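A.B. asks: Counting with the numbering used here, you get residues 10 to 183 for the letters of the sequence shown.
All C-beta atoms in this analysis are idealised placements derived from N, C-alpha and C, irrespective of residue type, glycine included.
Predicted model, so just to flag it, every value in this text is computed and none were measured.
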Amino acid sequence: MRLEEKQRVTSELSAQLEENGTIYLTDFTGLNVKAVTEFRALLREQGLGYRVVKNTLMKRALEDLDLPDLSAHLSGPTALVFSESDPVAPAKVLKEFAKAHDDRPVVKVGVIDRVAATPDDVGRLADIPPREILLGGIAGGLTASVGGIAGALAALIRDIADMIEQVGKKNQSA
Numbered sequence: 010m011r012l013e014e015k016q017r018v019t020s021e022l023s024a025q026l027e028e029n030g031t032i033y034l035t036d037f038t039g040l041n042v043k044a045v046t047e048f049r050a051l052l053r054e055q056g057l058g059y060r061v062v063k064n065t066l067m068k069r070a071l072e073d074l075d076l077p078d079l080s081a082h083l084s085g086p087t088a089l090v091f092s093e094s095d096p097v098a099p100a101k102v103l104k105e106f107a108k109a110h111d112d113r114p115v116v117k118v119g120v121i122d123r124v125a126a127t128p129d130d131v132g133r134l135a136d137i138p139p140r141e142i143l144l145g146g147i148a149g150g151l152t153a154s155v156g157g158i159a160g161a162l163a164a165l166i167r168d169i170a171d172m173i174e175q176v177g178k179k180n181q182s183a
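Written as structure tokens, this is what we have:
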């Protein structure tokens, strides 16, 4: 690769790293071309990016960015999985794909909102239920709370009405 080409690739890579809030460095060793193509298609369906990088160019691209030091993870084959904002979607795709492909690709490290994330962190993100289920749980909790408050208020009003009735009966008999 000529110097001009290296500079162009480094510049592109630096721009991608800068504009994406979630970046997972993966090792794709053991995946054949067909599997990598399938993996790319799954990522693309979710609106995620994937790029195989040269470690030396990645190190250069990281030099001027305000990101954690990833140099310890830049050995062997490296591919990046990008997401502009959602750290959960790429983690889920990685985990599901790895289940079907002998635990490949392997997450080396992640960067979420400019903070390093371990492979275990990425695995825990993959276990988070989908957004719709979380929102449904919150809505259910809120309606249950409102229902409980309404029931408590109704019982309080009933008890007050009962006390007033008992006081009225006591005053009539006296």
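From what residue to what residue does the beta strand (DSSP E) around T119 run?
C.D. replies: For the purposes of this step, residue 119 is taken as the residue at position 110 of the sequence shown. The residue asked about is misnamed: residue 119 is Gly in this sequence, not Thr. It spans V115 to I121 - the beta strand (DSSP E) in which G119 sits, taken as one unbroken run.
A.B. asks: Spell out a yes or no on whether the region 135 to 144 and the region 48 to 59 are touching, meaning 3 or more CB-CB pairs, one atom from each, closer than 8 Å.
C.D. replies: With the cut-off at 8 Å, the region 135 to 144 and the region 48 to 59 do not touch.
A.B. asks: Going along the chain, which unbroken runs of the alpha helix (DSSP H) with 4 or more residues stay wholly within the region 17 to 74?
C.D. replies: List check, alpha helix (DSSP H) in window: 42 to 54 and 64 to 71.
A.B. asks: Tell me, please, whether the region 51 to 71 touches the region 92 to 100 by the rule of three or more beta-carbon pairs shorter than 8 Å.
C.D. replies: Cβ pair count under 8 Å is three or more, so yes.
A.B. asks: Just grab the DSSP bridge partners of A126 for me.
C.D. replies: Position 117 of the sequence shown, counted from the first residue, corresponds to residue 126. Looking at the DSSP assignment, A126 forms a beta bridge with G119.
A.B. asks: Can you tell me the Cα-Cα spacing of P86 and F37, whole angstroms?
C.D. replies: Within the sequence shown, the letter at position 77 stands for residue 86. Within the sequence shown, the letter at position 28 stands for residue 37. Those two C-alpha atoms are separated by around 7 Å.
A.B. asks: Considering only the beta carbon of each residue, do L40 and R113 sit closer than 8 Å?
C.D. replies: As a position in the sequence shown, residue 40 is number 31, starting the count at 1. As a position in the sequence shown, residue 113 is number 104, starting the count at 1. Result yes, Cβ atoms of L40 and R113 sit closer than 8 Å.
A.B. asks: Can you tell which of V90, E105, G150 and I137 has its C-alpha closest to the C-alpha of L117?
C.D. replies: For the purposes of this step, residue 117 is identified with residue 108 of the sequence shown, where counting begins at 1. In the sequence on display, residue 117 carries Lys and not Leu. Measuring from the Cα of K117, the nearest candidate turns out to be V90.
A.B. asks: Could you tell me which of M10, V61, E14 and G30 sits nearest to I121, measuring between CA atoms?
C.D. replies: Here residue 121 refers to the residue found at position 112 when the sequence shown is read from its first residue. Closest by alpha carbon: G30.
A.B. asks: Taking the continuous alpha helix (DSSP H) assigned at A88, which residues delimit it?
C.D. replies: By one-based count along the sequence shown, residue 88 stands at place 79. First-last for A88: T87 to S92, but that is the beta strand (DSSP E), not the alpha helix (DSSP H).
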